[in-house]
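Taken in order, these protein sequences are the chains called A and B.
Residues in the first sequence are numbered consecutively from 1, following our numbering.
Residues in the second sequence are numbered consecutively from 1, following our numbering.
Number of protein chains: 2
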Amino acid sequence: MKIKTLTIVGVGLIGGSIGLAAKRRGVAERIVGVGRRPDTLERALAAGAIDEGSPELGRSVRGAEMVVVCTPVNRIARDVLEAGPHCAAGTVITDAGSTKAGIVRMVEGNLPDGVEFVGGHPLAGSEKRGPEFADADLFQDRLTVVTRTARTDAAALQKTAEFWTALGSRVRVMDPEEHDRALAMTSHLPHLAAAALAALLPAELRPLAASGFRDVTRTAAGDPALWSAILAENRANVLYWLQQLEHGLDCFRAALEAGDESALEGLLAEAKRGRDALGN
Amino acid sequence: MKIKTLTIVGVGLIGGSIGLAAKRRGVAERIVGVGRRPDTLERALAAGAIDEGSPELGRSVRGAEMVVVCTPVNRIARDVLEAGPHCAAGTVITDAGSTKAGIVRMVEGNLPDGVEFVGGHPLAGSEKRGPEFADADLFQDRLTVVTRTARTDAAALQKTAEFWTALGSRVRVMDPEEHDRALAMTSHLPHLAAAALAALLPAELRPLAASGFRDVTRTAAGDPALWSAILAENRANVLYWLQQLEHGLDCFRAALEAGDESALEGLLAEAKRGRDALGN
Chain A
1 MKIKTLTIVG VGLIGGSIGL AAKRRGVAER IVGVGRRPDT LERALAAGAI
51 DEGSPELGRS VRGAEMVVVC TPVNRIARDV LEAGPHCAAG TVITDAGSTK
101 AGIVRMVEGN LPDGVEFVGG HPLAGSEKRG PEFADADLFQ DRLTVVTRTA
151 RTDAAALQKT AEFWTALGSR VRVMDPEEHD RALAMTSHLP HLAAAALAAL
201 LPAELRPLAA SGFRDVTRTA AGDPALWSAI LAENRANVLY WLQQLEHGLD
251 CFRAALEAGD ESALEGLLAE AKRGRDALGN
Chain B
1 MKIKTLTIVG VGLIGGSIGL AAKRRGVAER IVGVGRRPDT LERALAAGAI
51 DEGSPELGRS VRGAEMVVVC TPVNRIARDV LEAGPHCAAG TVITDAGSTK
101 AGIVRMVEGN LPDGVEFVGG HPLAGSEKRG PEFADADLFQ DRLTVVTRTA
151 RTDAAALQKT AEFWTALGSR VRVMDPEEHD RALAMTSHLP HLAAAALAAL
201 LPAELRPLAA SGFRDVTRTA AGDPALWSAI LAENRANVLY WLQQLEHGLD
251 CFRAALEAGD ESALEGLLAE AKRGRDALGN
């Protein structure tokens, strides 16, 4: 795959990593970065993630064959709709947002003819922020979900899948609602639980927090604004899984209250089977 | 510090790592490993963690200057009490258990004159098991808690602290009850929460679990028997902190139900402050 001009809207860790990966792999000839903050654009340029930067979305997507929107989930639909009228026919717009249903719903049917949107979500990231943490191998062997609905253009879906594949990712096509239900469990609820645990730790106990605590709570260092938008956007699914988690904790509580060590061992064994199945 | 004979009771990951660290650092001239299972002793010998292995606790502690009991928390007190009468006067016995109050309570006052016990807990480990995963640097720059009560012998406490320091660890002296209250929060509750999350994941969603989920649930791969004993042993403290966690989750739930994104952001920001204070 060879894209003449790739425009990346939002050049933080994810957008920057897309730029680096596209360059390293010869996926794009020219990469334009769009960002509201001049210093972020400069850092993305310095990191080699983009060839030029601009604060003007409309002008920056004009000559693009492909546009990837990497802004926070509560801005993606707006950015896509703003970009649409400036795109040439044949342009494919995708995104890298952690939620999909709301974005796809807001965008579908609202773009000019010939400009197509296909939702994307690379399951890769970090609790870090900014293009200085961009990594050309961030998507290597990771999974990217690409969305399909009844209105999705087949050629645009194909091109979007090829794009993420060219960046090193495996691709799975999913319905946006199905994606959101799944990610509530695999990503959003664990983030919430990690945050609840991290918030509990009294300052005087910090020296006694070892690798276990650090692993469990690592994701809680993520950006609160990005994650509150994700949780709010996917709140019905997160609430469903939160209730399941509370039920799971209740089972542990009952076993503890009863002093039932074999019940505890059974719960832990079930958890271990699930975790072992994931590998490292 | 130079120990003539060090006896390690239980030569799994922790016992094996103590053996390797003691050898690498020249802390012990001769290391005797005690284990009930011949194949574990053989693997510990093969890993170079011990010089000789035996299933007989009594005979193996006879010539020891120092004894470290690294069996599961529900066996430690019994092993210490069984070893005591076979030890020479002047022998110091310590342990590596994740709980302290019950063990110290059962042991104190029940050892022969001149044989001293000082509880220990190196805050290091892994979800792995067995001497083949032993690591000579496991304790390097980690913290080991050493317990002191009104009955603790000052010279034995000093020697135990020197022992863990010689293995590369920092040492903190704590009351056993204080240790258990703290570790319920920093280790036992996070383990329980990680297990509850890991158990929730349906098999069909495993491909969608990325690094966030893997980090949050990593500790859930730990041994169910070891961990059920730890949770049962420290159940009052774990129940206290579990209630706090449930309260924290309730706050998230209320914010989600209200669709209050700024409340969510506030909760996440508090969590981030706590997690950032820990460093990586």
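A virtual CB, placed ideally from N, CA and C, is assigned to each residue, including glycine.
query: Apart from the five residues on each side of it in sequence, which residues of its chain come closer than 6 Å, Cβ to Cβ, to B/Leu-123?; result: Arg-142 and Leu-143
query: Spatial neighbours of B/Thr-165 within its chain, please: C-beta separation below 7 Å, excluding the five flanking residues on both sides.; result: Val-171
query: Counting only the same chain and skipping the five closest in sequence on each side, list residues whose C-beta sits under 7 Å from that of A/Cys-251.; result: Leu-267
query: Which of the residues in the stretch 259-280 of chain A, read from start to end, lie with their CB under 9 Å from any CB of chain B?; result: Gly-259, Asp-260, Glu-261, Ser-262, Ala-263, Leu-264, Glu-265, Gly-266, Leu-267, Leu-268, Ala-269, Glu-270, Ala-271, Lys-272, Arg-273, Gly-274, Arg-275, Asp-276, Ala-277, Leu-278, Gly-279 and Asn-280
query: Apply the 10 Å Cβ neighbour rule to B/Gly-119 and answer buried if 16 or more other Cβ atoms are within range, or exposed otherwise.; result: buried
query: Is DSSP giving A/Phe-117 helix, strand or coil here?; result: strand
query: By how many angstroms is the C-alpha of B/Leu-138 removed from the C-alpha of A/Pro-55?; result: 50 Å
query: Return the CA-CA distance between B/Leu-183 and A/Ala-198, expressed in angstroms with no decimal places.; result: 14 Å
query: So is A/Trp-287 in contact with chain B if we call contact Cβ pairs under 7 Å?; result: With chain A covering 1 to 280 only, the question about residue 287 of chain A has no answer from this structure.
query: Would you check if the distance between the CB atom of B/Val-11 and the CB atom of B/Gly-26 is smaller than 7 Å?; result: no
query: Between the beta-carbon of A/Phe-133 and the beta-carbon of A/Leu-13, is there less than 7 Å?; result: yes
query: Answer with buried or exposed for B/Asn-74, where buried requires no fewer than 16 other C-beta atoms within 10 angstroms of its C-beta.; result: buried
query: So which residues of chain B does A/Ala-209 contact, with C-beta pairs closer than 9 Å?; result: Leu-123, Met-185, Thr-186, Ser-187, Pro-190 and Leu-278
query: So, is the C-beta of B/Thr-217 closer than 7 Å to a C-beta in chain E?; result: Absence of chain E from the displayed structure is noted, the protein chains being A and B.
query: Work out the CA separation of B/Thr-71 and B/Asp-39 for me, nearest whole Å.; result: 16 Å
query: Helix, strand or coil: how does DSSP classify B/Pro-190 here?; result: helix
query: Answer with yes or no whether the minimum CB distance from A/Arg-206 to chain B is below 7 Å.; result: yes
query: Using beta-carbon positions only, say whether A/Ala-193 and B/Ala-47 come within less than 7 Å of one another.; result: no
query: Using alpha carbons as the reference points, say which of A/Arg-214, A/Glu-257 and A/Lys-128 lies closest to A/Gly-16.; result: A/Lys-128
query: Of all the options A/Gly-63, A/Gly-97 and A/Lys-100, which has the alpha carbon lying nearest to the alpha carbon of A/Ala-83?; result: A/Gly-63
query: Does the distance from the C-beta atom of B/His-188 to that of B/Leu-249 stay below 7 Å?; result: no
query: Would you give the residue range spanned by the beta strand (DSSP E) that B/Val-32 belongs to?; result: 28-34
query: Strictly under 7 Å for the Cβ-Cβ distance: is B/Phe-252 near chain A by that measure?; result: yes
query: Which ranges does the alpha helix (DSSP H) cover as unbroken runs of at least 4 residues, wholly within the stretch 151-201 of chain A, from first to last along the chain?; result: 154-166, 176-183 and 189-200
query: For the beta strand (DSSP E) that contains A/Met-66, what are its first and last residues?; result: 66-69
query: Could you say which of A/Ile-18, A/Val-238, A/Lys-2 and A/Ile-3 lies nearest to A/Val-9 if we only look at CA atoms?; result: A/Ile-18
query: Is A/His-86 buried or exposed, if buried means 16 or more other CB atoms sit within 10 Å of its CB?; result: buried
query: Would you mind working out which of B/Asp-113, B/Val-145 and B/Met-106 sits nearest B/Glu-162, comparing C-alpha positions?; result: B/Val-145
query: For B/Ala-28, is the classification buried or exposed, using 16 other Cβ atoms within 10 angstroms of its Cβ as the cut-off for buried?; result: buried
query: Just the C-alpha distance for A/Ala-223 and B/Glu-108, rounded to the nearest angstrom, thanks.; result: Looking at the sequence itself, residue 223 of chain A is Asp, so the reference to Ala does not match. Those two C-alpha atoms are separated by around 49 Å.
query: What span of residues does the beta strand (DSSP E) with B/Ser-54 cover, start to end?; result: 52-54
query: Is B/Thr-40 near the ligand ZN, judged by its Cβ being under 6 Å from some heavy atom?; result: The ligand ZN is absent from the structure shown, which contains no ligands of any kind.
query: With distance defined between alpha-carbon atoms, name the residue in A/Pro-112, A/Gly-114, A/Arg-148 and A/Ser-126 nearest to A/Ile-103.; result: A/Arg-148
query: Restricting to Cα atoms, I'd like to know which of B/Glu-65, B/Asp-79 and B/Gly-125 is closest to A/Gly-212.; result: B/Gly-125
query: Which partner residues of B/Pro-122 appear in the DSSP bridge assignment?; result: B/Thr-144
query: List the residues of chain A whose Cβ lies closer than 8 Å to the Cβ of B/Gly-63, in chain order.; result: What B/Gly-63 touches in chain A: nothing, since even the nearest Cβ is about 34 Å away.
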